[in-house]
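Going from the sequence shown to our numbering is simple: count from 1 and add 27.
Only one structure is covered here, and it is reproduced in the block below.
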Amino acid sequence: LEDRSESGDFFNEALETQVEDVMTEEVRWLHPEQTAVEAVDLFLTEKFGGAPVVDEAEELVGIVTYIDLLAELK
């Protein structure tokens, strides 16, 4: 195994990684009428930092992140 601390090559290569290579393919979403607790449950269970919010027609209406939920607690 290469010692990554001795080479910046690993970091530079990681920066060139395409989003499709690291994205979540099985998308889970929330609906606007769901509660913040349901969003937190999803994030903790699935280890997500955010999720799309879709309406009844499964059209994107927004995105909610853990930062949004933390801000609501402020």
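Ideal placement from N, C-alpha and C gives every residue a C-beta, glycine not left out.
Original post:
Can the beta-carbon of residue 66 be found less than 8 Å from the beta-carbon of residue 78?
Top reply: Inclusion of residue 66 and residue 78 in the CB contact set at 8 Å is warranted, their separation being smaller than that value.
Original post:
Is the number of C-beta pairs between the stretch 38 to 49 and the stretch 68 to 77 that are closer than 8 Å three or more?
Top reply: Put simply, the stretch 38 to 49 does not touch the stretch 68 to 77. Fewer than three CB pairs are less than 8 Å apart.
Subject >> Which of helix, strand or coil DSSP assigns to residue 44 >> reply: Note: residue 44 maps to coil in three-state DSSP.
Original post:
Exposed or buried, which one is residue 57 when buried takes at least 16 other CB atoms within 10 Å?
Top reply: Note on residue 57: 16 or more other CB atoms within 10 angstroms of its CB, so buried under the neighbour-count rule.
Original post:
Would a C-beta distance cut-off of 8 Å place residue 55 and residue 42 closer than the cut-off?
Top reply: Between residue 55 and residue 42, the CB-CB gap reaches or exceeds 8 Å.
Subject >> Those residues which DSSP pairs with residue 79 across a bridge >> reply: Paired residue(s): 90.
**OP:** Below 8 Å on the Cβ atoms is my guess for residue 91 versus residue 80; work out the distance and round it to an integer in Å.
**Re:** Between residue 91 and residue 80 the beta-carbon gap is near 6 Å, inside 8 Å, which marks them as a contact.
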